[in-house]
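Residue numbers (the working numbering): 123 to 1111.
Ideal Cβ positions, reconstructed from N, Cα and C, are used throughout, including at glycine.
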Amino acid sequence: MSGSGAQRLSRGALIRQRARARFVGRRAQLALFAENLSKDPLSEEDPADFLFHVRGVGGVGKSTLLRQWQEAARRAGAVTAVVDENDVHGVQQALVELARQLAEQAGPCKEFDKAVEQLRREQAAQAEPMPVEGEASVSSRVVTQAALGAVSLIPGAGVVTAMANPDAAAQGLDRLRSASRSRAPRRGGGGDEAGLSRAFVGELERLCRRQRWVVLFFDTWEQTAQYLDGWLLRLLGEEFGPVPANVIVVLAGRDRLSEREWALLRDQVADVPLEVFTEGETRALLSSRGVADPGVVEAVLQLSMGLPLLVELLALARPRTAEDVDAGGNLADVAVERFVQWITDPEKREAVRACALPLQLNEDVFTAAAGPSGAGLWEWLCGQPYVSGRGDFKHYHAVVRASLIRQHHAHSPQGWAAAHLRLADIHAAWRTAVEERLPAAKRWKDAEWRRHHLDETYHRLCAQPGTQLTAALAQVVHAAGQETAVLRQWIETLEQAGQDTTDPALLAWTERLRGALSGTEPGLTCLGVLLSHSQLSSESRSWVYTYRGIHLYRGDQDVEALAELDRAIAHNSRNALAWAHRGEVHRFLGTYDQAVADLTAALELDPTDAWVLGSRGQAHRLAGRYDQAITDLTAALELNPTLTWVLGSRGQAHRQAGRYDQAIADLTAALELDPTDAWPLTQRGETHRLAGRYDQAITDYTAALELNPTLTWVLGSRGQAHRQAGRYDQAITDLTAALELDPTDAWPLASRGEAHRQAGRYDQAITDYTAALELNPTDAWALGSRGEAHRQAGRYDQAITDYTAALELDPTYAWALGSRGQAHQQAGRYNEAITDLTAALELDPTLDWALAFRSQAHRQAGHREEARMDVEQAVEMHPADRGCAFEKLMLETVEGRFETFREQWCQLLTSAVSPQDELEASFLRLFQALLIEPENGVPEATAGMLATHPGDGDIAEVVGYLTELALLEGEVSERARQSHGLIAGRSSS
């Protein structure tokens, strides 16, 4: 063989080349598509069509024409991809297969691959405990003081009474944020098929910049339309982004497109109906195959009726006489039977018959089906015109397979059953081999294991439909616990077994299950249908209720989920998954002790389940039992060190216990396991934020948003970090962006209100708090915070109204009581102030700020002894606190002992202040000028204080102190009156 100067072709290229050479007919359709590829898609006069629908009866040559169109497209420089019912059972599978084929021709689809990984991670996360938030931890309460500028109780520092609110702010904002994070349904928010579709359209756009055409072929549309039709209409409607003009979509199916669904695009569809071959086309095909005898040609014309598949089969049989072509019986059956009979090699003939039994073929399945006599015939079979397929698997044309199946079943029922049982046993052996390397919990997620299990079930049903139906339905129960595409594949396989066996009971069941698939909750509905099977065992019923409980939980129907899981455990108390998921529902509902009890019961059944250990650790963490949480989470990691969510959860437990460095270590380790996972990044950012490391927090939040820009609560958290760092404008930018993603989310609204309030923009703060309250009128924290903004703006009556409304919602809200007392104090109503502050301290004796303010109210009301008792108790509780020291020194000063305590005043007023705390710094500078450094200038110090205290409420405390100092004698009194006059002048102007 000469090959030195010739281009060497692969075997596959040679096969395609010969197939093109043998292709006869459909010249008009080939020319139509070729001409379309030569057009300009953007031409106004004669643009290229972008949507084709090839339709016709089975065997008319739709798939063959699509293969020819695909070859024509590639010759024209297009990249192409094709899917049919053998490749996919849902949108996700279709997109993955299309992208795989496009990548083979044009290079990796990196962004799409990232989106697939993100979706798979989120689907896997459904099996992980949901990260819910509980009460504010010790660490969040402590750090929120610093976050709100409450490192001291220095009065008059503007936000100092939000210092009164560290616990409330920690709990209030965290409650809102927790609600924000749990708004998305638990089935996987942000990671749904829409996100995957957007990524796919993005890849199309990138490909179309480099390629003349991208052509997507969808074969067997009569099958795949049930789950792809709506998606394709959304794609072409550009719901997932603009579709480039040089994308062509080709559909091929037996039926017309739905009039109603496709009405808007009807005029855009290039309809290509395929009719049977004309007499001339039939004669041409027969001639090209060497069939020339006039009698034979006439017989084939009569029998095939021009159906291309049958013409091809009859031609390949090479009949010698008209009598060889018998027109009796079913048209397809006769043609297929004659074709098989005319295969002269008995081993090939038997291989063709035997290999019709499997649903799909690869070389291993072929060898199992054909037996030793089929050795060496795999390549020959793949070259037959009725065998097609891409990738690893091939399949018979549906018309040919159905005919061979009918013949086999009718001619030898016992041989039929024996062959199917033999194939079932082979698949069972292959399934068992996979199980040796695969834990039981992961089997249903493994595609190879599912394929062998499904094929085994199909063959057993074909062999013994009556006795195997219940066992098959028991497996459908488990399939219904997986994603819808898996369930659909199982139901379609049972449906195929029903058609192949014509068993009435099996056909009736598949009809019911097929109907259940069409609803909005196919898994849940199918499980309900399966409960009606009277022969389903108690164990299988337990699984039905378990999966129903899981479906309901993921759909945010917690009460209903608990009821189903109760039933699951009643049917089988050894169902560890039911115990575990009931514990998970209890954990989400906040009944942590019940959660721990259920998860412990699951662990008694399977002590090696790392997932359950991790979930129990989460329950302990949310209950505030951090050490027990860490024990469980550590044990889970010893069983499976790759569980990133467990590492992250242990990091959360360390963080809530105030052990920030250990938290950072765990979260960093989780990121090292998976650098593309946004969740550990967000949690590490949160830890940095709570530790006061705002820049590091912002870095992590930003990195998480680069991985997933749709994380609304992370945008809000970054805004919080900016706010706590005193960068209010940047905070507001982030919180506004979060609101643009979800305008109905109360948390970023309330957080933006908090940023406006701390920036002194009280009216804007009140607007945001009010909007948040319209979304959630029962939020006591937002009511109290709006009251705080009113108080700082000097609108004391409106502040008291809001505080009172908050207390009506939550009578134990100590912060609101104390803050209402402060509003009364600033309004000069000292007795009401003392009453509220006293009530607040009775609710929470640890409220040192309330004690300090009650001391101040007593002092200003002339109750000197009560004032001294309160301030001395406050100093005893917090001896290093500047605010307590300030109140103590004010009491000594107004009682005439200023000179005695001058040195203490000097130490206090010259102590270091955070550069970011302009309010406290300006307050201290004013009192330095008033008391110890008059040369600094009272007017300048007063102006500086006014510049950082924008509201009347902000300066009310300062005015109160100045009033007390003005009653003294000497220079301090004169300077206090001077400052008071400057403030009064500002107010009147």
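If residue i and residue j are in contact, beta carbons under 8 Å, what's the gap, nearest whole angstrom?
i       : j        : result
Gln-842 : Arg-815  : About 13 Å separates the two Cβ atoms, so there is no contact after all.
Gly-906 : Ala-938  : 4 Å
Leu-159 : Ala-203  : Between Ala-203 and Leu-159 the Cβ distance is about 16 Å, and since that is not below 8 Å, they are no contact.
Leu-318 : Ala-237  : 5 Å
Trp-538 : Leu-591  : Trp-538 to Leu-591, Cβ: 17 Å. No contact.
Ser-80  : Arg-1004 : The displayed coordinates of the chain run from 123 to 1111. Any statement about residue 80 would go beyond what the structure contains.
Lys-516 : Val-522  : Contact doesn't hold; Cβ gap of about 13 Å is too wide.
For a test of the three-state rule: what should DSSP assign to residue i, helix, strand or coil?
i        : result
His-517  : strand
Val-210  : coil
Ala-203  : strand
Ser-409  : helix
Ser-771  : helix
Phe-340  : strand
Val-509  : strand
Leu-765  : coil
Leu-483  : strand
Gln-586  : coil
Gly-498  : coil
Tyr-675  : helix
Val-1035 : coil
Thr-858  : helix
Cys-231  : coil
Ala-717  : helix
Val-474  : helix
Phe-362  : coil
Asn-953  : helix
Gly-814  : coil
Phe-145  : Any reading at Phe-145 is ruled out, since the residue's pLDDT is 44, under 50, leaving its predicted position unreliable.
Leu-560  : coil
Gly-712  : coil
Trp-631  : helix
Who are residue i's beta bridge partners in DSSP?
i       : result
His-175 : Leu-373, Asp-393
Given this structure, state the Cα-to-Cα distance separating residue i from residue j, to the nearest angstrom.
i        : j        : result
His-693  : Gly-603  : 18 Å
Gly-256  : Leu-329  : At Gly-256 the pLDDT is 39, less than 50, meaning the model places this residue with poor confidence; the figure from the coordinates comes in the next sentence. Rounded to the nearest angstrom, the two C-alpha atoms are 47 Å apart.
His-1071 : Ser-1101 : 14 Å
Val-768  : Leu-759  : 7 Å
Glu-485  : Thr-809  : 55 Å
Ala-724  : Ser-659  : 21 Å
Arg-951  : Pro-1001 : 29 Å
Asp-377  : Gln-345  : 10 Å
Pro-416  : Ser-525  : 28 Å
Asp-822  : Leu-837  : 11 Å
Cys-648  : Glu-686  : 15 Å
Leu-573  : Thr-579  : A small correction: the amino acid at residue 573 is Arg; Leu does not occupy that position in the sequence shown. If you take the alpha carbons of Arg-573 and Thr-579, they lie about 10 Å apart.
Val-372  : Val-176  : 7 Å
Ser-805  : Tyr-667  : Note on residue identity: the sequence assigns Gln, not Ser, to residue 805. Looking at the two C-alpha atoms, the distance is approximately 34 Å.
His-673  : Ser-185  : 38 Å
Glu-501  : Ala-619  : 27 Å
Glu-1093 : Arg-1108 : 23 Å
Asp-799  : Thr-832  : 14 Å
Ala-683  : Trp-665  : 13 Å
Ala-745  : Tyr-714  : 6 Å
Lys-470  : Ser-409  : 25 Å
Glu-1040 : Pro-1061 : 18 Å
Count the other C-beta atoms from every protein chain shown that fall within 10 angstroms of the C-beta of residue i, then say buried if there are 16 or more, exposed otherwise.
i        : result
Arg-388  : exposed
Arg-582  : buried
Val-681  : exposed
His-542  : buried
His-533  : exposed
Gln-1026 : exposed
Arg-986  : exposed
Pro-870  : buried
What do you reckon, is the C-beta of residue i under 8 Å from a heavy atom of the ligand GDP?
i       : result
Tyr-935 : Because no ligand of any kind appears in the structure shown, any question about the ligand GDP cannot be addressed here.
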